[in-house]
Amino acid sequence: MKTSAFWDKKMETISRESLKKLQLARLKETVRFALKTPFYRTRLKKAGIASADAIKRWEDIKKIPFTTKDDLRECYPDGLLAVPLQDVVRVHTSSGTTGTPTVIYHTKADLDSWTDLVARSIVATGAGKQDIFQNMMSYGMFTGGLGLHYGAERVGMTVIPMGGGNTKRQIQLMKDFGTTVLHITPSYMLHVHSKLAEAGMEIKDLKLRKAYLGAEPYSENTRRKVEQLFHIDAYNSYGLSEMNGPGVAFECVEKKGMHVWEDVYIVEVIDPRTGESLPDEKEGELVFTNLTRRATPLLRYRTRDIACIHKGPCACKRTHRRISRITGRTDDMLIVNGVNVYPSQIEEVIMRIPQVGTNYMIRLEKEGTLDKLIVQVEIYSKMFRGDLNEIDRLKEKIREELRASIIIHPSVELHEPGSLPVFEGKAKRVVDNRQKL
Ligand code: ADP
Ligand code: ZN
């Protein structure tokens, strides 16, 4: 059986009852801070919450209106700042994957709470001060760099703050320093594998044991592929700048969903169309409230990320509930000739086909009045040396498996390794040329 130590055993194994009490007390305090901002003063008063005393029972959270990404954009840059600017020690923004980046301010105590959650997450994966940690997420405004960095230092790991890109050097450093743990996007991880041979390196030359994969949606099959290619354990790591960054939810050694650190985050799942709460195991939009951040309080923030809350306790004994893998964003959905398709469904199918390599793209074109979905897939080079019939058969197999899963007939293009665009941070795999006509 795999086990891991605890970073903060008391808090990680707190009883559900005590946890709920703590959440309520912290929610009240957060509402008190939120009311200091011009945005929430208006928004909460309109909802009948003129002071924190309006929050008496846990269920009162339902009285609080949702906050959206657009609200944050309208507050740019400091409409949500709840402390004097002189108490702010750092500013982060989101990556801007879906539009203007959003801004989050942090006090020293805010950073301290965030760092502690990252430390907790790292220890839950069985890593510790004996590990050499190479952070391959970009540093700067993006939270994946500094977020993991400080958590790893707090745990006492040896940190290599390499940031994203420069693959050759990344591989060299992994070897020279004996890196054991990586933090990286899944798309970049697969790319790194394709570059290993070029760098004259084999897996056995490296000491890798674990990778924390996050910042973009990916399928269970991609995780498996990474684990098999690198002979490591890959852990899912979820976070978003609006809720600090990484360390919101993280897999433990059980790898059966990500524990949400509920002493700091209230997690809800809602129907994105109606805003109604959904029961456990039912997929919907994740909504988070940060319970400890003072500089930028955010209440019931609609993430647009789709997942569910898992039922039941985890074998690791942590009492904080787990969420599933993120299957996509509400605004990720593609409508192809009237049929809804998520890019993650496509990835799930192609990544389980053994001949498929480490990269793919999804293109949408207009053909007359119809939409055309083209899935471009890199396959391993030995296939290209094989006979043409074999390539045709593979193409047909991918097409057929996709059709069975997404109901539409895509076109499939097979490409040589290294020929599709490479992403060193968050991948942008969908190119939609339909509007351009
Ligand atoms: P942006 O929303 O501009 O990409 P962030 O840099 O804050 O801003 O990234 C957070 C987003 O990244 C999340 O809302 C989610 O969509 C995605 N994300 C982060 N971690 C994961 C993960 N493990 N699985 C799927 N998606 C993730
Ligand atoms: Zn667990």
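For the sequence shown, my numbering assigns the number 24 to the initial residue and increments by one for each residue that follows.
From the three backbone atoms N, C-alpha and C, an ideal C-beta is built for every residue, glycine too.
Only counting the same chain, and skipping five residues up and downstream in sequence, which positions put a Cβ closer than 6 Å to that of residue i?
i	result
D110	T130
G188	E447
A257	A234, L236, R246, V249, E250
A222	K191, I194
E274	Y258, N259, M281
L357	V364
V114	Y128
S210	F446, A450
S144	G270, F273
T138	Y173, G174, R177
M384	Q399, L443, R452
A330	L309, I346, S347, I349
E27	Checking the displayed sequence, the identity of residue 27 turns out to be Ser instead of Glu. Within the same chain, S27 has close Cβ partners A147, G149, V276.
K63	Here residue 63 is Tyr; the residue named in the question, Lys, does not match the sequence. Excluding residues within five positions, the ones whose Cβ falls inside 6 Å are A57.
Given the structure, does residue i come close to the ligand ZN, in the sense that its CB is under 6 Å from one of the ligand's heavy atoms?
i	result
E277	yes
R341	yes
C331	no
C98	no
Give me whichever residues DSSP pairs with residue i in a beta bridge.
i	result
E35	Bridge partners of E35: none, in fact.
G351	I329
A395	Checking the displayed sequence, the identity of residue 395 turns out to be Lys instead of Ala. Answer is E388.
R345	H282
V379	I402
E308	I293, I329
L357	V364
T181	I155
I207	L236
H438	E401
S74	DSSP, once it has assigned bridges, lists no residue as partnering S74.
D455	L387
Indicate, with yes or no, if the ligand ADP has a heavy atom lying under 6 Å from the CB of residue i.
i	result
I349	yes
N363	no
Y128	no
G307	no
G391	no
L140	no
P240	yes
S210	no
S264	yes
Y261	yes
S144	no
T326	yes
T120	yes
S237	Position check: residue 237 holds Gly in this sequence, whereas Ser was assumed. Because some heavy atom of the ligand ADP lies under 6 Å away, the Cβ of G237 counts as near it: yes.
R352	yes
S475	The structure shown does not extend to residue 475, since the chain is modelled only from 24 through 460, so no value can be given for it.
Going by beta carbon distance, what residues of the same chain come within less than 7 Å of residue i, once the five residues before and after it are set aside?
i	result
I78	L50, K51, V54
A142	W30, G174, R177, V178
N412	none
V126	Y99, P100, V114, T116
R39	T342
K25	G149, V276
V106	T130, R317, A318
Can you list, in chain order, the residues of its chain whose CB lies under 8 Å from that of residue i, leaving out five sequence neighbours each side?
i	result
N360	L393, D394, I431
K198	M224, D228, L229
T36	F29, K340, R341, T342
L45	I37, D286
Could you tell me whether the Cβ of residue i comes closer than 7 Å to any Cβ of chain C?
i	result
N158	Checking the listed chains, one finds no chain C in this structure; it contains a single protein chain.
Do residue i and the ligand HEM come close, with the Cβ less than 6 Å from some heavy atom?
i	result
V126	The model on display carries the ligand ADP and the ligand ZN but not the ligand HEM.
Unbroken stretches of the beta strand (DSSP E), 3 residues or longer, contained in the segment 256-296: For the segment 256-296, whole beta strand (DSSP E) runs of length 3 or above, ordered along the chain, are 256-262, 269-274, 281-283, 288-293.
Inside the segment 96-158 only - beta strand (DSSP E) runs reaching at least 3 residues: Entirely contained in the segment 96-158, the beta strand (DSSP E) runs reaching 3 residues are, in chain order, 111-116, 126-130, 155-158.
Just list the alpha helix (DSSP H) runs in the segment 210-260, keeping only unbroken ones of 4 residues or longer that don't cross its boundaries, in chain order. Counting only runs of 4 or more, we get 243-253.
Count Cβ pairs between the segment 259-270 and the segment 162-180 that sit closer than 8 Å; are there 3 or more? Touching, per the Cβ criterion.
So does the segment 421-438 actually touch the segment 175-182, counting three or more Cβ pairs closer than 8 Å? The segment 421-438 makes no contact with the segment 175-182, as fewer than three CB pairs between them are under 8 Å.
Would you check if there are 3 or more beta carbon pairs closer than 8 Å linking the segment 323-341 to the segment 299-306? A contact exists between the segment 323-341 and the segment 299-306.
Are there three or more Cβ pairs, one per stretch, closer than 8 Å when the segment 307-327 is compared with the segment 84-96? Taking 8 Å as the limit for Cβ pairs, the verdict is that the segment 84-96 does touch the segment 307-327.
Inside the segment 42-72 only - alpha helix (DSSP H) runs reaching at least 4 residues: 61-69, all fully within the segment 42-72.
Do the segment 201-217 and the segment 155-163 touch if we need at least three Cβ pairs shorter than 8 Å? At 8 Å Cβ cutoff, the stretches touch.
Stretch pair the segment 94-102 + the segment 67-83: three plus CB contacts closer than 8 Å: Not touching, per the Cβ criterion.
Say whether the segment 213-222 touches the segment 440-459, bearing in mind that this needs 3 or more beta-carbon pairs closer than 8 Å, one atom from each stretch. Counting Cβ pairs under 8 Å, three or more are found: they touch.
For the structure I just gave you, are there three or more beta carbon pairs, one from the segment 311-323 and one from the segment 374-388, closer than 8 Å? Output reads no: the segment 374-388 does not touch the segment 311-323.
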